[in-house]
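Written out below as structure tokens is the structure these notes cover.
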Amino acid sequence: MTSTDLLRTTERSFDAVVTREGRWWMIHVPALDAVTQARSLREVPVMATGVVSALLDVEEEDLTIRLSYELPAEVATTWHEAETLRSQAEEAEDRAAALRREAVRTLLSTTHMSQADAGVMLGLSKQRVQQLAS
């Protein structure tokens with residue numbers, strides 16, 4: 003699709019990819035094969051909207067620019083691994099909480115002991131046993 007074709011459409015939403023090159027933030031709008039730059043991330047939305055507006059000769063208010071920020075490859079890999087581990091830890095914590103509730107309920111229902119006694123056996127306060135049992 004050429005810039006002229008884009009002028010004829012009502013589509014006014016564009017994706018822009020932001021990367022760091024030296025001291026500059028480079029902004030690439032693939033649909034228009036347009037590139038601009040910014041000195042800071044704070045300037046990126048304005049610069050991205052400005053380049054699209056100028057190329058298509060449309061008002062900036064009529065545009066929606068979706069920005070995505072590209073991390074350096076080694077940072078992206080490390081970040082992805084950290085997010086994966088965080089997610090796994092969250093799932094493990096959820097599973098552990100479910101097992102604690104199950105253990106308390108089973109202990110109370112099979113032994114008919116008091117919540118205070120169950121707390122002593124499990125190293126928990128009576129109040130915590132009550133929370134886990136409900």
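The numbering used here puts the first residue of the sequence shown at 3, with every later residue one more than the last. Note that the Cβ used here is the ideal one computed from N, Cα and C, for glycine as well. All of these numbers come straight from a predicted model, not from anything done at the bench.
- In the three-state scheme derived from DSSP, where H, G and I count as helix and E and B as strand, D17 is classed as strand.
- Restricting attention to A118, V37, S89 and V131, the CA atom closest to the CA of A105 is found in V131.
- In the structure shown, the three-state DSSP call for E23 is strand.
- Apart from sequence neighbours up to five positions away, the residues of its chain that approach R68 with a beta-carbon distance below 6 Å are D17, ordered along the chain.
- Here A99 is exposed, its C-beta having fewer than 16 other C-beta atoms within 10 Å.
- Boundaries of the beta strand (DSSP E) harbouring S70: T66 to Y71, taken from the DSSP string.
- By a beta-carbon distance limit of 8 Å, T66 does not contact M49. Their separation comes to about 15 Å.
- The beta carbons of W27 and V54 sit no closer together than 7 Å.
- Taking 8 Å as the upper bound for CB-CB distance, E72 and V20 are in contact here, some 7 Å apart.
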